[in-house]
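Taking the working numbering, the leading residue of the sequence shown gets 142, the next gets one more, and so forth.
Just so you know, even glycine gets a beta-carbon here, dropped at the ideal spot from N, CA and C.
Just below is one structure, and these are the notes that go with it.
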Amino acid sequence: SSLARIFGPIVAGALYSGFGHNWPFVVGGLLTIPAAIMAANAGRAFRAVQIAQGQDLAQDVQKAIGWYRRAAEQGHASSQFNLGLIYDNGQGVERDANLALVWFREAAEQGHAGAQDNLGLRHEFGQGVAQDFTQAARWYRKAAAQGFASAQHHLAQLHDSGSGVEADRLAAHASSMEV
Numbered sequence: 142s143s144l145a146r147i148f149g150p151i152v153a154g155a156l157y158s159g160f161g162h163n164w165p166f167v168v169g170g171l172l173t174i175p176a177a178i179m180a181a182n183a184g185r186a187f188r189a190v191q192i193a194q195g196q197d198l199a200q201d202v203q204k205a206i207g208w209y210r211r212a213a214e215q216g217h218a219s220s221q222f223n224l225g226l227i228y229d230n231g232q233g234v235e236r237d238a239n240l241a242l243v244w245f246r247e248a249a250e251q252g253h254a255g256a257q258d259n260l261g262l263r264h265e266f267g268q269g270v271a272q273d274f275t276q277a278a279r280w281y282r283k284a285a286a287q288g289f290a291s292a293q294h295h296l297a298q299l300h301d302s303g304s305g306v307e308a309d310r311l312a313a314h315a316s317s318m319e320v
């Protein structure tokens, strides 16, 4: 029956997920709605990405934002970062730099390198926060330590100019060589 086709894999998947395994949310090429809800509740944001990019389903920015928000509210750092980008750029929502900053900070505090680099930029240029080169360097260091090339470059620039850190051409060179 069609109910078994929809709910059978969900029950099996839910049992299987109890052992820490990923389980399918797409059955026969169709997204099962209860499975999608369970995915969001579990903090899995891949569905939001698929909806946002139009993979397997028609692209729907509003649905993608909803999925990102659900996962972000449950602490999923990449979803928090993506919501920050959405609000920063005004994609499907009214542009809100303050709300973007909130989501970037949430993701950065969880170790998301892209969000850390973004906060570094905001502190360096005083975008939504007071200009603070020391804070910029702090966030750049965190992202650079994870191998995030953009942050390594930004940190090297601060070392080169002595903004927020001691001017140190050797450190600037070393940071830029990590890229």
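Inter-residue spacing [alpha-carbon to alpha-carbon] between Gln268 and Ala278: Using only the alpha carbons, I get a separation of about 15 Å.
Evaluate Phe266 with the Cβ neighbour count: other Cβ atoms within 10 Å of its Cβ, from every protein chain shown; 16 or more gives buried, anything less gives exposed. Exposed, because fewer than 16 other Cβ atoms sit within 10 Å of the Cβ of Phe266.
Let me check understanding here. Comparing Cα to Cα, which of Val306, Leu242, Glu235, Leu226 lies closest to Ala271? Among Val306, Leu242, Glu235, Leu226, the Cα nearest to that of Ala271 belongs to Leu242.
Note down the Cα distance separating Ala238 from Ile227, rounded to an integer number of angstroms. Rounded to whole angstroms, Ala238 and Ile227 show a C-alpha spacing of 10 Å.
Just the C-alpha distance for Gly252 and Trp244, rounded to the nearest angstrom, thanks. Roughly 13 Å between the two C-alpha positions.
Contact under 8 Å by Cβ, Arg282 with Leu260: Inclusion of Arg282 and Leu260 in the CB contact set at 8 Å is not warranted, their separation being larger than that value.
Where Asn223 and Ser304 are concerned, what is the direct C-alpha to C-alpha distance, given to the nearest angstrom? The straight-line gap from Cα to Cα measures roughly 29 Å.
Glu214 by DSSP, collapsed to three states: which one? Collapsing the DSSP output to three states places Glu214 in a helix.
Does DSSP put Gln257 in a helix, a strand or coil? Three-state result, Gln257: helix.
Quick check on the burial criterion: 16 or more other C-beta atoms within 10 angstroms. Buried or exposed for Gln293? So Gln293 ends up on the buried side.
CB of Ala213 within 8 Å of CB of Gln203, strictly: In this structure, Gln203 does not lie closer than 8 Å to Ala213 by Cβ.
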